[in-house]
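Per this note's numbering, the sequence shown starts with residue 144, numbered consecutively. Scroll down for the structure; my scribbles are underneath it.
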Amino acid sequence: MVETEDSMINTILYATDFGLFGPYVLEHVSDLARNHNAKVYVLHVIEPLGMFADAVLESFVPEDSKENLREHGLNEVMTAIRAKVRTVFDQDMEGCEGAKEWLKDIHVIGGNPAEVILTDAEAINADLIVMGSHGGTSDVTTPIGSVAAKVLQLSPIPVYLIPTSTNRGNNYTTVGGL
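Here you go:
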């Protein structure tokens, strides 16, 4: 374990969608946090409503209700989502060694996932972004998911990607007899 405050990794942003592999990715986060004596911020991004949802609201919700929904409803929804995210994360953390020491905060933010991840990483002065990669289930041409690819491409901060596809093992080809 790194004991000095001069560690290159003091603050970690763990971006999660709380998918099936969340506990597996969390094991990596926990190990990194303990080994570097780092604090961890967990980020869950809520994507904006799609065009269909916007069209339904526009077509079927009265104007005064839409305004009330915009002012109060979205805050209530985000509060409910934050509570649910906290509950799911607490369940995922069961058995995670030392979690109380390294978990700093949980952020739930609405917006474009890659943009929010990069903005939040900058805001907390993260030294490392950790996230799972969902792409490449059976297609070697897309080895990582679109959000992971965009974060990896645009981030000035190192990114630690954890492959979460179950079908990767058969996609490797040997090069030069290796």
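Don't be surprised by glycine CBs; every beta carbon is placed ideally from N, CA and C.
Annotation for Val290: the continuous alpha helix (DSSP H) segment containing it runs Ser289 to Leu297. Of the candidates Leu297, Ile249 and Val273, the residue whose Cα lies closest to the Cα of Ile152 is Val273. Our two residues, Ala291 and Ser208, have alpha carbons roughly 37 Å apart in a direct line. For Ser276, the enclosing beta strand (DSSP E) covers residues Leu271 to Ser276. By a beta-carbon distance limit of 8 Å, Val228 does not contact Val259. Their separation comes to about 14 Å.
Bounds of any beta strand (DSSP E) do not take in Leu261; it lies within the alpha helix (DSSP H) bounded by Pro256 to Ala266. Here Lys182 is bridged, per DSSP, to Thr154.
Rounded to whole angstroms, the Cβ separation of Pro301 and Ser276 is 15 Å, and the two are not in contact under 8 Å. In this structure, the straight-line span from the alpha carbon of Glu201 to that of Phe195 is close to 10 Å.
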